[in-house]
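These notes concern the structure reproduced below.
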């Protein structure tokens with residue numbers, strides 16, 4: 021069964037994301053709008069600090085964990101989600117987050133390997 025989100029859930033997520041993500045613009049996309057005869061809008065998540073939308077879901081989920089008293093976490097990641105993990109985690113957890121990544125995806129780990137984010141790669 022698919023969970024149903026309430027309006028209260030949406031507002032709670034909005035509150036959690038405030039100040040942690042960038043408000044992304046909606047831009048009118050003229051060519052398909054003209055061809056389809058309906059407005060086509062693009063939400064430009066590339067303005068996020070991690071250049072993608074994944075930071076929204078991770079930040080909301082992590083915030084909920086922190087609110088419930090969780091102070092440490094271990095996660096595995098690759099790609100854009102890993103960038104969100106590396107960027108957002110330090111603001112929530114008292115203990116460093118251990119990031120585990122596929123050795124072949126070392127490029128995805130570059131963001132967190134310098135230690136500036138408080139995490140570590142195992």
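Numbering (our numbering), first residue to last: 21 to 142. Beta carbons: idealized from backbone N, C-alpha and C, even for Gly.
Cα-Cα separation between residue i and residue j, rounded to whole angstroms
i	j	result
residue 135	residue 106	Here residue 135 scores only 49 on pLDDT, less than 50, and its place in the model is too uncertain to base an answer on.
residue 133	residue 61	Annotation note: pLDDT 48 at residue 133 (below 50); position unreliable, coordinate value reported separately. Distance between the alpha carbons of residue 133 and residue 61 is about 37 Å.
residue 128	residue 95	Low local confidence applies: a pLDDT of 49 at residue 128 is under 50, so the model's placement there is unreliable, and no value is given.
residue 99	residue 93	19 Å
residue 113	residue 104	14 Å
residue 32	residue 83	10 Å
residue 51	residue 34	31 Å
residue 49	residue 26	30 Å
residue 39	residue 21	33 Å
residue 85	residue 71	24 Å
residue 30	residue 81	13 Å
residue 97	residue 23	24 Å
CA nearest to the CA of residue i, picked from the options
i	options	result
residue 73	58, 43, 30, 29	43
residue 41	48, 102, 81, 69	69
residue 101	28, 77, 48	77
residue 87	22, 111, 75, 26	111
Beta-carbon spacing of residue i, residue j below 9 Å
i	j	result
residue 79	residue 36	yes
residue 64	residue 90	no
residue 75	residue 28	no
residue 53	residue 45	no
Bridge-paired residues (DSSP) for residue i
i	result
residue 63	46
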